[in-house]
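These notes concern the structure reproduced below.
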Amino acid sequence: MRIVIVGNGPGGVELANQLSGEEITIVEQEKVPHYSKPMLSHYIAGFIDKEKLFPYSLEWYEKKGIDLNLGARAELIDRARKRLITSEGEIPYDVLVIATGARPREPALEGKEFVHTLRTLQDAERIKEQIEKYEEVLILGGGFIGLELAGNLAKAGYKVKLVHRGSNLLGLDEELTKVIMEKLECDGVEFYLNANALKADKEGVLTDKGYVNGKVKICAFGIVPNKEIAVKSGIHAGRGILIDDHFRTSAKDVYAIGDCAEYNGIICGTAKAAMGHARVLANLLRGREDRYDFEFRSTIFKFGNFPIALIGKTRGGGKWLDKKTKVFLEGGKIVGAVVMEDIRKAMMLEKKIKAGVSIDEL
Ligand SMILES: Cc1cc2nc3c(=O)[nH]c(=O)nc-3n(C[C@H](O)[C@H](O)[C@H](O)COP(=O)(O)OP(=O)(O)OC[C@H]3O[C@@H](n4cnc5c(N)ncnc54)[C@H](O)[C@@H]3O)c2cc1C
Numbered sequence: 032m033r034i035v036i037v038g039n040g041p042g043g044v045e046l047a048n049q050l051s052g053e054e055i056t057i058v059e060q061e062k063v064p065h066y067s068k069p070m071l072s073h074y075i076a077g078f079i080d081k082e083k084l085f086p087y088s089l090e091w092y093e094k095k096g097i098d099l100n101l102g103a104r105a106e107l108i109d110r111a112r113k114r115l116i117t118s119e120g121e122i123p124y125d126v127l128v129i130a131t132g133a134r135p136r137e138p139a140l141e142g143k144e145f146v147h148t149l150r151t152l153q154d155a156e157r158i159k160e161q162i163e164k165y166e167e168v169l170i171l172g173g174g175f176i177g178l179e180l181a182g183n184l185a186k187a188g189y190k191v192k193l194v195h196r197g198s199n200l201l202g203l204d205e206e207l208t209k210v211i212m213e214k215l216e217c218d219g220v221e222f223y224l225n226a227n228a229l230k231a232d233k234e235g236v237l238t239d240k241g242y243v244n245g246k247v248k249i250c251a252f253g254i255v256p257n258k259e260i261a262v263k264s265g266i267h268a269g270r271g272i273l274i275d276d277h278f279r280t281s282a283k284d285v286y287a288i289g290d291c292a293e294y295n296g297i298i299c300g301t302a303k304a305a306m307g308h309a310r311v312l313a314n315l316l317r318g319r320e321d322r323y324d325f326e327f328r329s330t331i332f333k334f335g336n337f338p339i340a341l342i343g344k345t346r347g348g349g350k351w352l353d354k355k356t357k358v359f360l361e362g363g364k365i366v367g368a369v370v371m372e373d374i375r376k377a378m379m380l381e382k383k384i385k386a387g388v389s390i391d392e393l
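If you use the working numbering, the sequence shown closes out at 393, no skipped numbers anywhere.
Dropping the structure here:
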């Protein structure tokens, strides 16, 4: 089976790894091998060297028998001839997997040319150079990427401000938002909540609550799935590339996984999910039964010194089990949890939540 994968992010590389032994080709527009996006803020903060971002060497790809085509952009899928058209030529496939990921949502601000976004190693290099020069950073957006950056840069001693348009962080309730803020404030992060950014200039950002200074500005307003290759090739797309519960797109033998894929209105948006998709799809392609639970989300983030796990449903009325654990209930059953600092406990709770335990069974 000739399997062609577009994209060498965690989704693409994990799928290639799982299917090693088959005839695998990866087409990737970037010129470097796979690197870890979750580690980019650690690199910017100066905690790790660049080499540490790369978990797999070029020899690893060779040993696994993966034909890695770097610097090649996939342009179109010729579905009738089962060929992928790339900037470097055509590649025949039996199975094509789109794992093109996403890009950062651009800020709709006047002066957006003064604002960075962070997705690639190149973005990280640019930001690193700037913060080392100015030593202060203004982050727009209180999602997980904004908080990761804030936590790591504050821990590294940079002056960090974070502007967020809502009153809650990560879609969590007021109590949890307060705990996250207190943890990050201890490391020196200054929060500006309920503030809408209106205009950016060289020195900072004008919000509807006043002007906030910050020479280096980074916007983390969420992601836009890279669905263009599918759209151009006549494959159905919504916000992302539409898939069914077997990762099938509307085109025969063409699948989509990771940040570019949309299942039932859900775009997963994490490396953990992209790798999960890859493992399940690998089983399905090998004819084994498997299923990915799109409704159940679970991710561990590290905001500087502060690890936090969000498991399952984390909205609505919650109950504190102890100072570091809040669980969320539906009809007496635990359907979600937020666990701070204790990651082992988070993993244990995740298993119990998946098993459908009630609060009394904990
Ligand atoms: C700063 C930062 C911190 C993060 N922290 C976390 C975290 O702590 N935990 C977590 O779980 N997730 C985290 N994420 C999110 C995570 O990195 C993404 O969800 C994940 O990378 C998605 O994987 P993917 O394989 O779907 O896509 P991507 O990683 O986006 O990879 C897609 C690849 O496809 C390539 N590509 C796109 N179009 C084409 C084309 N036409 N032709 C050829 N190649 C193409 C791109 O160049 C890219 O290399 C973070 C992301 C960022 C940016």
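Glycine residues also receive a C-beta, built at the ideal position from the N, C-alpha and C atoms. Computed from a prediction, not measured in an experiment: that's the story for all the values here.
{"Asked": "Close beta carbons around Leu101, own chain, < 6 Å, minus the five adjacent residues each side", "Found": "Glu59 and Lys62"}
{"Asked": "Glu93: CB within 7 Å of a non-hydrogen atom of ligand 1", "Found": "no"}
{"Asked": "Rounded straight-line distance, which links the Cα of Gly42 to that of Gly307", "Found": "8 Å"}
{"Asked": "Three-state class that DSSP yields for Ile298 in the structure shown", "Found": "coil"}
{"Asked": "Any 3 or more C-beta pairs closer than 8 Å across the segment 233 to 247 and the segment 113 to 123", "Found": "no"}
{"Asked": "Asp125 classed as buried or exposed, judged by whether at least 16 other C-beta atoms fall within 10 angstroms", "Found": "exposed"}
{"Asked": "Contact under 8 Å by Cβ, Leu341 with Lys350", "Found": "no"}
{"Asked": "When Leu312, Tyr242 and Ala292 are compared against Ile254, the one with the closest alpha-carbon", "Found": "Ala292"}
{"Asked": "Integer Cβ distance of His147 from Arg136, believed to fall under 8 Å", "Found": "With 8 Å as the limit, His147 and Arg136 do not qualify as a contact, their Cβ atoms being about 13 Å apart."}
{"Asked": "Assigned exposure category for Val243 - 16 Cβ within 10 Å defines buried", "Found": "buried"}
{"Asked": "Backbone secondary structure at Ala340 - three-state DSSP", "Found": "strand"}
{"Asked": "Where Asp218 falls, given that 16 or more other Cβ within 10 Å makes a residue buried", "Found": "buried"}
{"Asked": "Bridge partners - Gly120, DSSP secondary structure assignment", "Found": "Thr117"}
{"Asked": "Contact between the segment 176 to 185 and the segment 70 to 78 (3+ Cβ pairs under 8 Å)", "Found": "yes"}
{"Asked": "Chain-order list of residues whose beta-carbon lies under 6 Å from that of Lys383 (same chain, five-residue window excluded)", "Found": "none"}
{"Asked": "Nearest to Gly370 (by Cα), restricted to the options Val358, Gly362 and Lys364", "Found": "Looking at the sequence provided, one finds Val at residue 370 rather than Gly. If we check each option's Cα against that of Val370, Val358 comes out closest."}
{"Asked": "Per-residue burial, Lys364 [other beta carbons within 10 Å of its own, 16 or more giving buried]", "Found": "exposed"}
{"Asked": "The beta strand (DSSP E) enclosing Tyr286, as first and last residue numbers", "Found": "Val285 to Ala287"}
{"Asked": "Simplified DSSP assignment, three categories, for Tyr323", "Found": "coil"}
{"Asked": "Near ligand 1: Glu90 beta-carbon under 7 Å from a heavy atom", "Found": "no"}
{"Asked": "For Ile36, the first and last residue of its enclosing beta strand (DSSP E)", "Found": "Arg33 to Val37"}
{"Asked": "Assigned secondary structure, Asn257 (DSSP; H/G/I helix, E/B strand, else coil)", "Found": "coil"}
{"Asked": "Beta-carbon separation (whole angstroms), Leu200 vs Gly173, contact threshold 8 Å", "Found": "5 Å"}
{"Asked": "Neighbourhood of Phe145 by C-beta distance below 7 Å, restricted to the same chain and skipping five residues each side", "Found": "Ala231, Asp232, Lys233 and Lys248"}
{"Asked": "Ala133 CB to nearest heavy atom of ligand 1 below 7 Å", "Found": "yes"}
{"Asked": "When Glu259, Ile274, Glu392 and Phe175 are compared against Arg104, the one with the closest alpha-carbon", "Found": "Glu259"}
{"Asked": "Contact check, Arg110 vs Ala368, beta carbons under 8 Å", "Found": "no"}
{"Asked": "For Pro69 and Ala302, the rounded distance between their alpha carbons", "Found": "8 Å"}
{"Asked": "Counterpart residues of His195 in DSSP-defined beta bridges", "Found": "Its beta-bridge partners do not exist; DSSP assigns none."}
{"Asked": "Cross-strand partners of Thr56 (DSSP beta bridge)", "Found": "Val35 and Asp98"}
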